[in-house]
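If you use our numbering, the sequence shown corresponds to residues 189 to 315, in order.
For each residue, glycine too, the CB sits at the ideal point set by N, CA and C.
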Amino acid sequence: MAQATTEPVRLPPGPRTPRTVQGLRFLVSRRSSIGGLTRRYGPAVSLNLPIFGKTVLISEPGLVKDLFTAGGDLVGRATNLGEVLGPGSTFSLDGDEHRERRKLLVPPFHGKRMHGYESIVEEEVLR
C-alpha cells in the first residue's frame, strides 16, 4: 500500500531516448514496445511522450489497483484528459468534488447492471 511522504517524487526507470523517438516507437508498435519496456525496466516504466509529457506505464494489476485505491493526498489527478474534456469533466476533478461525481457514475457500471446491458449492446452490434 502506498504511503504519504515529504520526499521528492522518484519516477520509475525508463528509456532515455528523446521524447519524439519514444512517441514514434509507442505509436508505431505499442504492444511490442510495452513488452520490451516492461522486460527491461519492470512493471512500472517512465516515458516522456509528445502531447502527454512525463507518463508512467504500469503493467502489473496489483500496482494498478494500488494506484486507483490510493487517496488523493498520495496521487494527484492527471490533467491530460481534463484538458481535452474540459474543466467540469470527472477526469479534471480532485478531492471531494471527484468523490461525489464518482458516486453518481459508479452505480450504472456495477456488475449486475452491466449484465442488463448485454442484450442492448448485442442488439446494437448486430443492427
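Candidates the options, of which the one nearest residue i by Cα
i, options, result
"residue 213", "236, 307, 294 and 309", "236"
"residue 203", "228, 290 and 313", "228"
"residue 230", "220, 239 and 245", "245"
"residue 215", "301, 240, 311 and 273", "240"
Residue i versus residue j: straight-line alpha-carbon distance, rounded
i, j, result
"residue 233", "residue 297", "30 Å"
"residue 210", "residue 247", "17 Å"
"residue 306", "residue 251", "30 Å"
"residue 200", "residue 242", "11 Å"
"residue 290", "residue 284", "10 Å"
"residue 304", "residue 310", "11 Å"
"residue 219", "residue 226", "11 Å"
Coil, strand or helix - residue i by DSSP
i, result
"residue 202", "coil"
"residue 316", "The requested residue 316 does not occur in the structure, where the chain is confined to residues 189 to 315."
"residue 272", "helix"
"residue 294", "coil"
"residue 314", "helix"
"residue 209", "helix"
"residue 239", "coil"
"residue 309", "helix"
"residue 197", "coil"
"residue 281", "coil"
Own chain, CB closer than 7 Å to residue i, minus 5 neighbours either side, in chain order
i, result
"residue 208", "238"
Test: residue i CB closer than 8 Å to a CB of chain B
i, result
"residue 242", "Judged by its chain identifiers, the structure shown contains no chain B, having just a single protein chain."
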